[in-house]
Amino acid sequence: MKTFSADAFDRRRNEFAALRSVQHVVPVPQVLPTADPASIRMTFVPGILGQEWVAQDGPDRNLRHTRLMQQCGIVLRGLHDLGSDAPVEGVPGEGPVLVHGDFAPYNLIVDAETGELQAVIDWELAHRGSPVEDLAWLEWNMRIWYSPDDQVLEALYEAYGSLPAWRDRHQAMIDRCRPPLEASRRPSFPADVAERWAVHMERTYAFDEVVGRT
1 MKTFSADAFD
11 RRRNEFAALR
21 SVQHVVPVPQ
31 VLPTADPASI
41 RMTFVPGILG
51 QEWVAQDGPD
61 RNLRHTRLMQ
71 QCGIVLRGLH
81 DLGSDAPVEG
91 VPGEGPVLVH
101 GDFAPYNLIV
111 DAETGELQAV
121 IDWELAHRGS
131 PVEDLAWLEW
141 NMRIWYSPDD
151 QVLEALYEAY
161 GSLPAWRDRH
171 QAMIDRCRPP
181 LEASRRPSFP
191 ADVAERWAVH
201 MERTYAFDEV
211 VGRT
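The numbering of the sequence shown is full-length UniProt numbering, which starts it at 1 and goes up by one.
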């Protein structure tokens, strides 16, 4: 059961519409009936979060990262093809494809033993947009938190089937970081949160292309 706050009707609507639209092409929990308008009931998906899988250290770390990125590339290709081939009702935006909006390891459930992708969760930011949004945000998360080998990111784009221009990916990363950076500057946020996001943005501006340079 996922419950939304009273002011999050739009996010619940987005998530519900996205889950119903992608269930045949993307691994997601099945939506179950509920009489509560402030929640979504879903089937339980066993496994661990993808961020736990990629954070594990050891000699197979690069293999773990590569395997997950390959699966993400395949899933994102299917998602973006769905959004371009047919209309998806109930999500905002006017872009060419359906975008998850927060596609990152923390929103993936994988098998704890094999790393096999079991489900993509948290679709409340789903919208119609550009495919580079999902790809760039996933790349950003890997680079900020896990410092993967260049070949790991290459595996993502090889599995996806195309590589958006670096200038587009880089700009998408910057654009995606701006809202949380601005939000973190509000008086209600702890100072360390603003400092952390300022560092993230500084690092993001300094990023260079790493895919295909070897």
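Built from N, CA and C at the ideal position, the CB exists for glycine as well.
#1: Let me check one thing: in DSSP terms, what residues is R128 bridge-paired to?
#2: If F103 and W137 are in contact, beta carbons under 8 Å, what's the gap, nearest whole angstrom?
#3: If contacts are defined as beta-carbon pairs under 8 Å, then A191 and N14 qualify, I think. What distance do you get, rounded to the angstrom?
#4: On the three-state DSSP scale, how would you describe L163?
#5: Leaving out the 5 sequence neighbours to the left and right, which residues in its chain are closer than 8 Å to L68 when beta-carbon positions are compared?
#6: Alpha carbons only, please: which of S39, R41, A119 and A159 is nearest the one belonging to G47?
#7: DSSP state of R186, grouped into three classes?
#8: Buried or exposed, going by whether 16 or more other CB atoms sit within 10 Å of the CB of P148?
#9: Are H200 and I121 closer than 8 Å when you measure CB to CB?
#10: Report yes or no: do three or more beta-carbon pairs, one from the segment 154 to 168 and one from the segment 32 to 48, lie closer than 8 Å?
#11: Report the residue from E113, L181, F16 and R213 whose alpha carbon sits nearest the alpha carbon of V88.
#12: Along the chain, where does the alpha helix (DSSP H) containing Q56 start, and where does it finish?
#13: Assign A119 to one of three DSSP states: helix, strand, or coil.
#14: Within the continuous beta strand (DSSP E) that includes V110, where are the two ends?
#15: At the level of alpha carbons, what is the spacing between Q71 and R64?
#16: Let's test the definition: count the other Cβ atoms within 10 Å of the Cβ of A6 and tell me whether it reaches 16, buried, or not, exposed.
#17: How would you label R167, buried or exposed, when you count the other beta carbons within 10 angstroms and need 16 or more for buried?
#18: Going by DSSP, name the residue or residues bridged to I144.
#19: With DSSP run on the structure shown, which of helix, strand or coil describes R41?
#20: Which residue's Cα is closest to the Cα of V25: G58, V152, L76 and E195?
#21: So, with DSSP's three-state summary, where would you put V211?
#22: Please check if any C-beta of chain D sits within less than 8 Å of the C-beta of V132.
Quick answer:
#1: L98
#2: 6 Å
#3: Wrong, their Cβ atoms sit about 32 Å apart, outside the cutoff.
#4: The answer is coil: DSSP assigns L163 none of H, G, I, E or B.
#5: So the qualifying residues of the chain are G50, W53, V54, P105, L108, V110, G115 and L117.
#6: Closest option to G47, Cα to Cα, is A119.
#7: coil
#8: buried
#9: no
#10: The segment 154 to 168 makes no contact with the segment 32 to 48; the number of CB pairs closer than 8 Å stays below 3.
#11: F16
#12: Note, Q56: premise wrong, no alpha helix (DSSP H); not H, not E.
#13: strand
#14: L108 to V110
#15: 11 Å
#16: Its pLDDT being 48, under 50, A6 is placed unreliably by the model, and the measurement read from it follows with that caveat. The residue in question, A6, is exposed, as its Cβ has fewer than 16 Cβ neighbours within 10 Å.
#17: That one is exposed.
#18: For I144, which the question treats as bridged, DSSP gives no partner whatsoever.
#19: strand
#20: L76
#21: coil
#22: Note that chain D does not occur in the displayed structure, where there is just one protein chain.
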